[in-house]
Structure formats: C-alpha cells, structure tokens
Amino acid sequence: MSLRDIFIISRGTRVVLLTTFLVSSMAVLVAVFYYSSINRSEDPRIKSARDFLIRYDALPIHTDMTVKFHLLDSADMIFRFYPEYANSFETGVIFNNKASALLVTSLYDTSVTSSEKNNLLELAMTYTDSSIALYRRWLKEWRNIGSEEVEKRIRNAMLPDDPAFNGMNYEKLIARRVKNQLTAQVETPRRLSVSLSNKGIIYRHMQKYDSAAGCFSEALSLWKDNRVAKSNFNVLMGGEPVKPGIIESLFPSDRKKPDLKH
C-alpha cells in the first residue's frame with residue numbers, strides 16, 4: 045500500500061465526517077444562542093457582579109489572595125447597592141468564597157507561619173459565620189414559598205419603569221430571576237452544608253473537636269452526599285477518609301479545588 049492510498053478517504057467515511065461536523069456545528073450554535081439568551085434575560089444591574097464571580101471561579105487555586113478578594117469585593121459592592129440583592133443567596137456565596145480562599149491558604153500555603161495560620165483561620169471563621177447566617181435567613185424567607193409568591197415578590201422589587209431595564213424584555217427578566225430563586229431553593233441547603241463543612245474544618249484546626257463534629261453532622265443532615273463533611277467526620281471519629289467513587293474520580297465537580305480534609 046502506497047502513502048497515497050493511506051490518505052484516500054472513502055465516500056462512506058466522507059459522509060460520516062461531514063455528518064459529525066454538521067452535528068458539532070449545530071451543537072455549538074445551539075449553545076451560543078442558548079447562553080446568549082440567558083445573558084440577555086439576566087438582570088442588567090448585577091450582570092457585572094456575576095461576571096466577577098465567573099472570573100473568580102476560573103482562577104487557579106493558588107492565585108494571590110489580593111486578586112481573589114478584589115474580584116469578590118467588586119461583586120459584593122454591586123449586589124449590596126441594590127436592596128433586593130443585599131441579603132440574597134449570591135451574597136452568601138461571596139462570604140463562603142472568601143472563607144474558602146482563606147482556609148485553603150491557611151492549610152496549603154507552606155510559607156504561612158503558625159501565628160499567620162491562626163489569624164487566617166479566625167478570619168475564615170468570621171466569613172463562614174456570615175455565610176451561614178445569610179443562608180439561613182434566606183432559606184427562612186424564600187424556601188417554603190411557591191413560584192407565584194416568588195414572582196410576586198420579585199415584581200415588587202424589579203419595577204418595570206426602572207431605567208436599567210430600558211430596551212429589554214421585562215417579562216424575560218422577571219422569568220429569569222424567578223427561575224434563579226426557585227433553583228436556589230434547592231441549591232442553598234447544599235451551599236449551607238458546604239459552609240458548615242468549612243466551619244467544621246476550622247474548628248478541627250483550632251482543636252475544638254466537639255464543635256467540629258457538630259458542624260459536620262449538621263452539614264450531612266442538609267446534604268447527605270457532602271463527601272467533604274463525611275470524610276472529615278470519619279477522620280474525626282478515628283476512621284478513614286472517604287474516597288471518591290469511580291464516577292466522581294472521573295468527573296469531579298471542580299478539578300481546581302482540593303478536598304479540605306486535613
């Protein structure tokens with residue numbers, strides 16, 4: 045067989061390649077239009093805040109703390125400018141991200157001294173407590189109401205004559221925010237579970253083991269699949285860390301973030 049024969053593509057192969065290309069192109073176009081539609085239906089007042097959070101999530105784990113806090117503080121300022129977002133679940137996410145950033149630095153940065161580690165843990169505890177308090181307050185206000193009441197509250201806060209909404213489809217803006225809140229009714233208990241896990245880890249490193257166990261136990265009551273809480277609780281009780289299952293190993297939820305099990 046000559047080299048030329050190797051590169052000859054049969055008619056059937058060409059059809060398969062063309063079909064694959066068309067399907068891939070269609071998938072890309074659908075994704076582009078889908079996410080463009082989502083972006084157009086998001087509240088324009090806090091779009092830049094969401095962009096800051098997206099940029100934060102894309103940062104490597106060992107990014108300088110100043111860079112991390114600049115993005116988180118920038119997002120926080122925008123959310124807090126609008127009363128309906130000041131105590132939103134998004135603000136709780138910012139608090140927890142700050143706590144996680146401090147906690148990761150205290151546990152994994154080998155240049156941190158013992159006294160610096162204690163200071164970082166204390167500050168992480170402050171932000172963790174803030175996220176826990178905010179999540180609990182949000183759940184008390186929003187968790188047990190139906191979609192009609194959610195929409196009513198959002199319409200009372202997002203008035204159609206707001207200049208920020210000029211030229212935008214007001215009904216789509218409302219529908220998107222309603223969807224975000226309904227999704228948060230499911231996700232926020234998990235977010236609270238993560239915050240409680242962080243608090244438990246901080247307590248462990250402060251050698252307050254009973255308090256740590258209480259945090260891990262509560263975290264698991266909110267989200268039984270919280271592997272970080274389960275693993276830390278097992279270690280605290282003298283057992284072994286929980287290893288990820290084969291599916292979780294192949295498809296981890298976030299490859300950039302280490303498990304806080306130390």
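Heads up, the sequence shown is in the working numbering, so the first residue is 45 and it goes up one at a time. The C-beta atom is built at its ideal place from N, Cα and C for all residues, glycine as well.
(message) For residue 76 and residue 229, what's the separation of their Cα atoms in angstroms?
(response) What you label residue 76 is simply residue 32 of the sequence shown in a count that begins at 1. What you label residue 229 is simply residue 185 of the sequence shown in a count that begins at 1. Residue placement at residue 76 is flagged as unreliable, the pLDDT there being 32, under the threshold of 50; a coordinate-derived value is accordingly withheld.
(message) Checking 9 Å against the spacing of the C-beta atoms, do residue 189 and residue 243 come in under that value?
(response) The residue labelled residue 189 in the question sits at position 145 within the sequence shown. The residue labelled residue 243 in the question sits at position 199 within the sequence shown. No.
(message) Since residue 187 and residue 236 should fall inside the 8 Å C-beta cutoff, what is the C-beta to C-beta distance between them, to a whole number of angstroms?
(response) One-based indexing of the sequence shown puts residue 187 at position 143. One-based indexing of the sequence shown puts residue 236 at position 192. 11 Å between Cβ atoms; not a contact.
(message) Judging by CA-CA distance, which residue of 169, 231 and 158 is the nearest neighbour of residue 183?
(response) For the purposes of this step, residue 183 is taken as residue 139 along the sequence shown, with counting starting at 1. Minimum Cα distance to residue 183 is reached at 231.
(message) So, does the segment 128 to 142 touch the segment 162 to 178, judging by three or more C-beta pairs under 8 Å?
(response) yes
(message) Can you tell me whether residue 82 is helix, strand or coil according to DSSP?
(response) Position 38 of the sequence shown, counted from the first residue, corresponds to residue 82. For residue 82, the predicted structure reports a pLDDT of 41, less than 50, and the residue's modelled location is therefore unreliable. The matter cannot be settled from this model.
(request) Tell me whether residue 155 is buried or exposed, calling it buried when 16 or more other Cβ atoms sit within 10 Å of its Cβ. (result) Stepping through the sequence shown from its first residue, residue 155 is reached at position 111. Label assigned to residue 155: exposed.
(request) Please confirm whether any heavy atom of the ligand ADP lies closer than 8 Å to the CB of residue 155. (result) This structure simply doesn't include the ligand ADP, nor any ligand for that matter.
(message) Using only CA atoms, which one of 129, 149 and 108 lies nearest to residue 90?
(response) Here residue 90 is taken as the residue at index 46 of the sequence shown, counted from 1. Out of 129, 149 and 108, 129 has the C-alpha closest to the C-alpha of residue 90.
(request) Give every residue of the same chain whose Cβ lies closer than 7 Å to the Cβ of residue 246, excluding the five residues on either side of it in the sequence, and list them in chain order. (result) As a working mapping, residue 246 is identified with position 202 in the sequence shown. For residue 246, where only same-chain residues beyond five positions count, the Cβ hits under 7 Å are 147, 165, 168, 169 and 172.
(request) Note down the Cα distance separating residue 218 from residue 117, rounded to an integer number of angstroms. (result) Within the sequence shown, numbered from 1, the residue matching residue 218 stands at position 174. Within the sequence shown, numbered from 1, the residue matching residue 117 stands at position 73. Rounded to the nearest angstrom, the two C-alpha atoms are 26 Å apart.
(message) Between which residues of its own chain and residue 206 is the CB-CB distance below 6 Å, once the five residues before and five after are set aside?
(response) Sequence index remark: in the sequence shown, residue 206 carries index 162 (1-based). Hits under 6 Å: none found.
(request) Pull up the distance between the alpha-carbon of residue 238 and that of residue 203, whole angstroms please. (result) Taking the sequence shown and counting its residues from 1, the one referred to as residue 238 is at position 194. Taking the sequence shown and counting its residues from 1, the one referred to as residue 203 is at position 159. Answer to the nearest angstrom: the Cα atoms are 34 Å apart.
(request) Just the C-alpha distance for residue 120 and residue 240, rounded to the nearest angstrom, thanks. (result) In the sequence shown, counting from the first residue as 1, residue 120 sits at position 76. In the sequence shown, counting from the first residue as 1, residue 240 sits at position 196. Near 21 Å, if we compare the C-alpha coordinates of residue 240 and residue 120.
(request) Would you kindly report the start and end of the unbroken alpha helix (DSSP H) that includes residue 171? (result) Within the sequence shown, the letter at position 127 stands for residue 171. Looking at the DSSP string, the run of the alpha helix (DSSP H) that includes residue 171 is 158 to 186.
(request) Return the residue from the list 94, 199, 273 and 223 that minimises the CA-CA distance to residue 234. (result) Within the sequence shown, residue 234 is the residue found at index 190, counting from 1. Looking at the Cα atoms, 273 is the closest of the given residues.
(request) Ignore the nearest five residues each way along the sequence and tell me which others in residue 44's own chain have a CB closer than 8 Å to its CB. (result) Here the chain comprises residues numbered 45 to 306, so residue 44 is not present and cannot be evaluated.
(request) Give the straight-line distance between the Cα atoms of residue 110 and residue 145, rounded to the nearest whole angstrom. (result) Here residue 110 is taken as the residue at index 66 of the sequence shown, counted from 1. Here residue 145 is taken as the residue at index 101 of the sequence shown, counted from 1. Going from the Cα of residue 110 to the Cα of residue 145 covers about 10 Å.
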